[in-house]
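Positions in the sequence shown are counted from 1; adding 6 to them yields the working numbering. For reference, the structure is listed below as structure tokens.
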Amino acid sequence: MESLSATCARCGGTGWILEAVEGRKQAHPCSCRTQTIAKERLEAARIPERYRDDNFTNFNDQTPELARAKEIAREFAESYPAVESGLLLVGPAGLGKTHLACAILSELVLTKGVSALYADFSDLLLRIQTSFRPDADVSKESVLTPYAEAELLVLDELGASKPHPWVLDVLYNLLNTRYNRKRITIATSNFEDDAAAASGEREKLEDRIGYRLRSRLYEMCTLVALRGKDYRKEILGTHVRSRF
Ligand SMILES: [Zn+2]
């Protein structure tokens with residue numbers, strides 16, 4: 007991707023193309039200018055370095071379930087903002103839940119100019135906790151407002167750490183605010199309600215994030231389960247209630 011600092015062949019790095027139309031000079035923004043804005047917006051979304059190049063093309067859809075999950079993610083990105091709810095991507099580690107979430111985020115930032123934010127669950131909880139300390143050098147509002155206001159929020163690794171109930175309350179209020187403002191949230195988790203189905207995690211999502219937050223998430227998101235190669239033989243004969 008070009009930037010204004012690297013010299014652009016079309017505009018010489020100024021970001022503008024000058025033309026003489028009927029004897030008068032006119033300036034048009036060069037395409038590198040919009041690319042730079044998109045790149046800055048993507049940087050502002052704070053996607054971790056290792057997920058920055060994740061897209062739909064380089065997603066490894068090794069099973070029919072994963073191919074289906076990718077299609078759902080792609081359709082979601084195409085339909086946005088005409089979507090009813092966000093997505094809750096669940097399944098074992100290593101199948102690409104974060105990859106799909108970040109692919110959607112990048113796609114929407116780059117093609118639709120969406121203001122989006124990535125948040126690692128444990129990291130966000132730590133930020134919340136720190137901001138509530140009496141000696142905190144940042145205000146609660148300055149920490150929480152960007153997450154409440156981002157058009158699209160990716161909340162990654164839900165349940166990865168087990169927070170104090172009061173921190174969960176703050177997070178609940180944050181997601182509730184997003185819900186009331188009809189802002190879309192995409193979450194990922196290794197923890198599922200049907201714990202036997204795939205994840206190998208003994209605890210359920212509800213055990214990790216509490217009933218209230220889990221219920222709110224289910225109202226805000228469509229559940230999409232990612233399943234790997236071992237899935238079918240593992241659950242053979244087991245009744246699975248998820249959609250995919
Ligand atoms: Zn240019």
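C-beta atoms are modelled at their ideal positions from N, C-alpha and C, and glycine is treated no differently.
Give a single yes or no on whether residue i has its beta carbon closer than 7 Å to a heavy atom of ligand 1.
i, result
"ARG16", "yes"
"CYS108", "no"
"GLY21", "yes"
"CYS227", "no"
Name, in chain order, the residues that DSSP records as bridge partners for residue i.
i, result
"LEU159", "LEU123 and THR191"
"GLU25", "GLN32"
For the alpha helix (DSSP H) that contains residue i, what are its first and last residues?
i, result
"LEU229", "Here LEU229 belongs to no alpha helix (DSSP H); instead the beta strand (DSSP E) covers 227-231."
"LEU177", "171-186"
"CYS108", "103-118"
"ARG140", "Checking the sequence shown, residue 140 turns out to be Pro, not Arg. PRO140 -> no alpha helix (DSSP H), and no H or E assigned at all."
Would residue i and residue j be called neighbours here (beta carbons separated by less than 8 Å)?
i, j, result
"THR228", "SER128", "no"
"ARG220", "GLU212", "yes"
"ARG189", "GLU157", "yes"
"ALA44", "LEU114", "no"
"ALA75", "LEU232", "yes"
"TYR273", "ARG222", "Because the chain spans 7 through 250 in this model, residue 273 falls outside it and cannot be assessed."
"ILE134", "VAL120", "no"
"CYS36", "ARG58", "no"
"ALA107", "ASP162", "yes"
"MET226", "THR194", "no"
"PHE82", "LEU72", "no"
"ILE53", "LEU111", "yes"
"GLY21", "CYS38", "yes"
What span of residues does the beta strand (DSSP E) with residue i cover, start to end?
i, result
"LEU1", "Not covered by the structure: residue 1. The range shown for the chain is 7 to 250."
Just checking my contact of residue i with residue j at CB under 8 Å: how many whole Å lie between their CB atoms?
i, j, result
"PRO169", "LEU131", "5 Å"
"LYS235", "THR69", "6 Å"
"ALA125", "ASP60", "Going by Cβ atoms, the distance from ALA125 to ASP60 rounds to 16 Å, so no, they are not a contact pair."
"HIS105", "PHE65", "6 Å"
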